[in-house]
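Worksheet for the structure shown next.
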Amino acid sequence: GDSVIQMQGQVTLSENDFLFINCTYSTTGYPTLFWYVQYSGEGPQLLLQVTTANNKGSSRGFEATYDKGTTSFHLQKTSVQEIDSAVYYCAMRDCNMGYKLTFGTGTSLLVDP
Amino acid sequence: DMKVTQMPRYLIKRMGENVLLECGQDMSHETMYWYRQDPGLGLQLIYISYDVDSNSEGDIPKGYRVSRKKREHFSLILDSAKTNQTSVYFCASSSPRTGGNTLYFGAGTRLSVL
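Respectively, the protein sequence lines represent chains A and B.
Heads up, the first sequence is in our numbering, so the first residue is 5 and it goes up one at a time.
Heads up, the second sequence is in our numbering, so the first residue is 240 and it goes up one at a time.
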């Protein structure tokens, strides 16, 4: 079945540090890939969608790319701020599986001021 | 205003009691979801509903059932709750009219089963 692996459970950075989060995916279909962000006390919300391999999506200073060859996708930000502290989830939708979204296990980002 | 509302926000129940979690959305979205969120496991899909009375099991449906009698409401029912159903439950909605790719989540219900 479809799966998404997100290895980094927790990341601690200082303000203005570079952020890089990586996920790998497995599917027999045609994936659409996403990054969701969850702030404390809220539900997840869509941050970025990446639909074309080697093309970047960008939002709020974050960039996302995916590599079809290595079945991996990445989220990065050049200079994180304290307000970026949140849990980041990668997710995948297989077009052959309807509207089911499979999530990774989440990366908790803490940015120290 | 695009909103998914979950009630209640916090709930404490005893093992064996029945639990009803309610979710509403004001976007006329056809598709609705129930996920649970546990530390180290992320978000796991319990049920997905494609419209009124059109529900499908997700990845972890055991111990749960759902009801969707109106497009804007989707309920999650735990008959005889178990302690391992202590979790945070999220409802979400989406629409194929907008590609179906963006899920709108509620703020969650934190359920403790003692």
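For every residue, glycine included, the Cβ atom is placed at its ideal position computed from N, Cα and C.
Note that this is a predicted model, so its numbers are computed, not measured.
CB contact check: residue i to chain B, cutoff 8 Å
i	result
THR109(A)	yes
TYR92(A)	no
TYR133(A)	Nothing can be reported for residue 133(A): it is not among the residues displayed for chain A, which extend from 5 to 117.
GLN80(A)	no
Within chain A, partners of residue i - CB distance below 9 Å
i	result
THR244(B)	Near THR244(B) there are no residues of chain A at all, since even the closest Cβ is about 11 Å away, more than 9 Å.
ASN340(B)	THR36, PHE38, LEU50, GLN53, THR55, ARG97, TYR103 and LEU105
Beta-carbon gap between residue i and residue j smaller than 8 Å
i	j	result
ASP292(B)	ARG304(B)	no
THR111(A)	ILE25(A)	yes
GLN53(A)	VAL91(A)	no
SER76(A)	THR28(A)	yes
LEU23(A)	LEU113(A)	yes
LYS242(B)	ASP265(B)	yes
LEU284(B)	GLY297(B)	yes
ILE287(B)	TYR103(A)	yes
MET271(B)	ARG307(B)	yes
SER333(B)	LEU342(B)	yes
TYR34(A)	LEU50(A)	no
GLY61(A)	LYS81(A)	no
GLY345(B)	GLY47(A)	yes
VAL327(B)	GLY347(B)	yes
MET254(B)	LYS321(B)	yes
GLU269(B)	ASP290(B)	yes
Short CB-CB distance (under 8 Å) between residue i and chain A
i	result
SER333(B)	yes
THR348(B)	no
PHE329(B)	yes
THR270(B)	yes
Partners in chain A for residue i, counting only beta-carbon separations shorter than 7 Å
i	result
GLY345(B)	GLY47
Note down, in chain order, all residues in the region 279–293 of chain B with a beta-carbon under 7 Å from any beta-carbon belonging to chain A.
Among the residues of the region 279–293 of chain B, those with a Cβ less than 7 Å away from any Cβ of chain A are GLY279, LEU280, GLY281, LEU282, LEU284 and ILE287, in the order of the chain.
Could I get the ranges of all uninterrupted beta strand (DSSP E) runs contained in the region 271–337 of chain B, with 3 residues as the minimum, in chain order?
Whole beta strand (DSSP E) segments, 3+ residues: 281–290, 293–296, 304–309, 312–317 and 326–333.
message: So within the region 27–73 of chain A, which uninterrupted beta strand (DSSP E) runs reach at least 3 residues, ignoring any that extend past its ends?
response: Correct list: 35–42, 49–54, 61–63 and 66–71.
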